[in-house]
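Undergrad:
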Amino acid sequence: MTTRQDTITDGPLLEVRDLGMTFPVPRGGLRRAAGIKAVDGVSFGVSPGETLGLVGESGCGKSTTGRMLVRLLDPTAGRVDFQGEDITRISQRALRPLRSRMQIIFQDPFASLNPRQTVQQIISAPLRAQGTAAAVIRREVRDLVGLVGLAPEHLERYPHQFSGGQAQRIGIARALATRPALVVADEPVSALDVSIQAQIVGLMERLQRELGVAYVFIAHDLAVVKHISHRVAVMYLGRIVEIGDKEEVYDRPAHPYTKALLSAVPLPDPAAERVRERIVLLGDPPSPANPPAGCTFHPRCPKAQDICGSETPLLRISGAGQRQVACHFPEN
Amino acid sequence: MTLLEVNDLAVEFTTAEGIVQAVKGIDFAVARGQTLGIVGESGSGKSVTSLAVMGLHRGAKVTGSVRFEGTELIGAPDETVRRLRGRRMAMVFQDALTALHPYFTIGDQIAEAHREHHGSSRKESWARAVEVLGDVGIPEPARRAGEYPHQFSGGMRQRAMIALALSCEPDLIIADEPTTALDVTVQAQVLDLLMRLKDERGLGIIVITHDLGVIARVADEVLVMYGGAAVEQAGAERLFTAPRHPYTRGLLESLPRLDAADGEPLHAIPGNPPSLLAPPAGCVFHPRCPVYAAADTGQRELCTAARPPLRLLADGHRNACVRSEETT
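Those protein sequences? They're chains X and V, same order as listed.
According to the numbering used here, the residues represented by the first sequence are 2 to 333, in order.
According to the numbering used here, the residues represented by the second sequence are 191 to 518, in order.
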């Protein structure tokens with residue numbers, strides 16, 4: 002199997018600039034609401050063969066962002082450049098050849114596999130869509146099932162005959178069928194048991210080494226994201242609040258939200274848990290339908306001051322590295 | 191003082207495809223002021239265990255013994271179980287939106303439970319509802335009691351469920367995946383609340399979860415379940431620092447950790463959890479077990495001959511692996 006690295010020129014594989022998604026709110030009462038800003042001013046890049054982790058709590062816009070990257074949703078603002086080409090405004094027809102180079106894996110493997118198709122049909126679908134010859138498809142599909150750790154006899158079976166972990170392997174094989182340069186993985190292991198999770202994470206890491214594929218790995222589980230990512234972006238209420246190399250974000254978080262989030266994750270170590278300093282945030286994340294003014298995190302922020310309620314902080318380089326943080330009072 | 195004592199509890203379901211042995215002879219006890227964590231993956235039998243303790247399994251064959259302060263519940267008349275359930279032992283479920291009735295206000299639902307068990311008046315029971323909502327940290331409880339479940343956020347709903355459980359001042363709370371549906375910052379609040387209630391009121395708590403982090407935070411004693419059987423039991427610290435059963439060890443090694451050093455690989459447990467319709471003979475874990483895989487044919491019989499019971503090692507540490515001495 003050849004890697005796709007050779008077809009990529011220098012520079013980022015994916016470049017996202019000021020991406021925004023405002024969902025219209027149905028007309029109710031006398032006035033039309035302004036709409037819900039699910040994603041607002043999100044910018045980042047992904048290099049070939051790297052994994053960018055996108056973390057945040059429910060409603061932070063991470064899945065919406067992931068869907069826009071592969072144009073399953075049309076953004077209402079900003080642009081996405083894939084391999085140097087703006088894909089935000091091109092037609093679905095023009096998008097078709099690009100689809101072979103960017104793919105997506107979903108959380109619930111059973112919901113994303115057609116129950117009436119055999120594994121053979123499911124995995125070969127992207128190749129058929131690209132007009133690949135039947136003989137080539139047969140060979141490729143056999144290679145793919147082996148690649149993801151399934152056996153050739155699985156090809157004639159249907160999704161319900163598999164466990165959750167095996168079904169996710171089928172989803173991964175389908176995503177890799179056209180040898181994409183980028184795979185967006187939206188909570189790919191959160192529906193799986195811990196012992197199976199590790200199998201799938203290990204598989205994704207091995208496939209990255211062998212095929213040079215880049216991942217945007219979307220998850221709420223900070224430990225999984227830490228394990229698999231090279232760089233990490235933390236989202237809160239539609240915006241990126243901190244982005245940088247994994248080591249910097251995890252070991253020296255600069256945004257108070259990142260810090261609180263990391264401190265809230267229970268460690269599987271009772272002795273450490275007892276003495277650990279925790280920042281317990283008050284309340285729930287606010288509704289994106291009615292976001293707070295200024296920094297959207299300020300009502301829950303232990304460091305908030307007057308300016309935080311009026312001025313929205315922009316992402317700025319903080320510290321020595323390339324880490325960026327959107328906070329008026331970042332940690333040092 | 192022991193609140194709940196469970197001995198040789200087994201639960202069997204008859205399904206169209208055959209008999210499912212969901213839980214096979216497990217033992218545990220919970221004392222006041224103590225938190226027992228039951229941890230396992232899907233199909234391990236952890237939720238079935240909690241429902242069986244609460245007497246909530248209709249149509250299942252439940253055998254063994256469940257004693258609440260000495261009163262035997264298995265085979266007891268419905269009335270006996272009903273008097274204890276809700277009033278002395280209460281349950282908190284994972285999905286508060288499903289567990290709460292959408293047509294009634296939060297206050298009504300809590301007040302109803304109180305009237306049912308205490309025969310209190312409408313006025314008294316409403317006052318009690320407002321009081322417990324305040325106890326679990328709902329702001330403006332008098333106003334919020336008049337709201338419906340959909341008007342509460344996920345974290346607030348889970349607090350309301352805990353308030354419902356607390357309304358009759360139970361001695362034991364069984365919380366089945368109480369924070370699994372919550373975001374991590376909200377999870378921290380709810381776990382803190384449960385621990386505060388345990389300390390203040392001397393409650394016994396059983397927390398059932400798949401999340402080893404949650405177990406590490408709240409549990410004093412831990413029971414590890416796999417394929418319907420108990421495979422290991424120990425004090426929390428001991429279980430995490432010196433696990434003995436190959437499954438427990440495998441689970442801990444497959445867990446991505448925030449406190450792990452960079453580049454530390456995950457060690458997945460190969461294979462899949464067993465089917466409870468046709469479980470493997472002997473130790474249910476043996477088809478995935480590295481110790482079994484490495485053993486000679488002669489020694490393997492130890493693992494496949496009979497289901498190994500939990501055996502006491504030391505300091506209350508119990509392990510069901512017949513090869514445990516070789517696995518440490």
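Even for Gly, the Cβ is constructed at its ideal location relative to N, Cα and C.
Note that the coordinates shown come from a computational prediction; the quantities given were computed from them, not determined experimentally.
1. Using DSSP's beta-bridge definition, name the partner residues of H507 of chain V.
2. By the 8 Å beta-carbon criterion, what residues does the stretch 367 to 397 of chain V contribute toward chain X?
3. If distances are taken between C-alpha atoms only, which option among X:A35, X:Q84, X:E206, X:K260 comes closest to G12 of chain X?
4. Is there a Cβ from chain V that is less than 8 Å from the Cβ of P267 of chain X?
5. Do V56 of chain X and V217 of chain X count as a contact pair if the criterion is CB distance below 8 Å?
6. Give me the subset of the stretch 107 to 140 of chain X whose CB atoms are less than 7 Å from a CB atom of chain V, sorted by chain position.
7. Are the CB atoms of Y338 of chain V and T295 of chain V nearer to each other than 8 Å?
8. Closer than 8 Å by C-beta to A426 of chain V: which residues in its own chain qualify, once you throw out the five before and the five after it? Chain order, please.
9. Name the chain X residues that come within less than 8 Å of L402 of chain V, Cβ to Cβ?
10. If you draw a straight line from the alpha carbon of I1 of chain X to that of I219 of chain X, how long is it in whole angstroms?
11. With a threshold of 8 Å on Cβ separation, who are the neighbours of T89 of chain X within its own chain once the five nearest residues in sequence on each side are excluded?
12. Output yes or no for whether 8 Å exceeds the beta carbon distance between G233 of chain V and L466 of chain V.
13. Pairs of beta-carbons, one from the stretch 438 to 454 of chain V and one from the stretch 378 to 392 of chain V, closer than 8 Å: are there three or more?
14. For the stretch 440 to 466 of chain V, list every residue whose C-beta sits within 9 Å of some C-beta in chain X, in sequence order.
15. Please report how far the alpha carbon of A171 of chain V lies from the alpha carbon of Q284 of chain V, in whole angstroms.
16. Compile a chain-ordered list of the residues in the stretch 252 to 283 of chain V whose CB is closer than 7 Å to at least one CB of chain X.
17. If we define contact as Cβ-Cβ less than 8 Å, is R334 of chain V a contact residue for chain X?
18. Can you tell me which of the three DSSP states A305 of chain X falls into?
19. So H231 of chain X contacts chain V; which residues on that side make the cut at Cβ distance below 7 Å?
20. Going by C-alpha to C-alpha distance, which of X:A192, X:H231, X:E243, X:A176 sits closest to R317 of chain X?
21. Mind checking which residues open and close the beta strand (DSSP E) that includes I364 of chain V?
22. Considering only residues of the stretch 379 to 458 of chain V, which uninterrupted beta strand (DSSP E) runs meet the minimum length of 3 residues and lie entirely inside it, listed in chain order?
23. Could you work out which residues of chain X lie near G345 of chain V, taking near to mean beta carbons separated by less than 9 Å?
24. So, are the CB atoms of V320 of chain V and A335 of chain V less than 8 Å apart?
25. Output the distance between the C-alpha atoms of V43 of chain X and Q122 of chain X, rounded to the nearest integer angstrom.
26. Drop a sphere of 10 angstroms on the beta-carbon of E278 of chain X, count the other beta-carbons inside from all chains shown, and report buried for 16 or more, exposed for fewer.
27. Can you find at least 3 beta carbon pairs, one from the stretch 446 to 462 of chain V and one from the stretch 476 to 495 of chain V, that sit closer than 8 Å?
28. Inspect the beta-carbon positions of S196 of chain X and D222 of chain X and report whether they are closer than 8 Å.
29. Could you give the distance in angstroms between the alpha-carbon of P314 of chain X and the alpha-carbon of T259 of chain X?
30. Quick one: Cα of D167 of chain V to Cα of Q348 of chain V, how far?
31. With which residues is N197 of chain V paired in a DSSP beta bridge?
32. On a Cα-Cα basis, can you pick out the residue from V:A242, V:A496, V:C358 that is closest to Q299 of chain V?
33. Whose CA, out of V:R447, V:Y482, V:L290, lies closest to the CA of L492 of chain V?
34. Could you check where the beta strand (DSSP E) with G172 of chain X kicks off and where it finishes?
35. Select from V:G394, V:P470, V:V380 the residue whose C-alpha is nearest the C-alpha of Y416 of chain V.
36. In chain order, what residues of the stretch 146 to 162 of chain X put their CB closer than 7 Å to some CB of chain V?
TA: Per the coordinate set shown:
1. V:A504
2. D373, V374, T375, V376, Q377, A378, Q379, L381, D382
3. X:Q84
4. yes
5. no
6. none
7. yes
8. G227, I405, A406, A409, D410, E411, V412
9. V195, P269
10. Chain X is shown from 2 up to 333; residue 1 of chain X falls before or after that span and cannot be answered.
11. R72, D75, P76, G79, R80, V81
12. yes
13. no
14. G440, L441, L442, E443, S444, L445, P446, R447, L448, D449, A450, D452, E454, P455, L456, H457, A458, I459, P460, G461, N462, P463
15. Past the edges of chain V, shown from 191 to 518, lies residue 171 of chain V, and the structure says nothing about it.
16. none
17. no
18. coil
19. Ordered by position in chain V, no residue passes the 7 Å Cβ test against H231 of chain X, which lies about 11 Å from the chain.
20. X:E243
21. 362 to 366
22. 394 to 399, 411 to 416, 419 to 425
23. G284, D285
24. yes
25. 37 Å
26. exposed
27. yes
28. no
29. 15 Å
30. There is no way to answer for residue 167 of chain V, as the model of chain V reaches only from 191 to 518.
31. V:S255
32. V:C358
33. V:Y482
34. G172 of chain X -> not in any beta strand (DSSP E); alpha helix (DSSP H) instead, spanning 165 to 177.
35. V:P470
36. none
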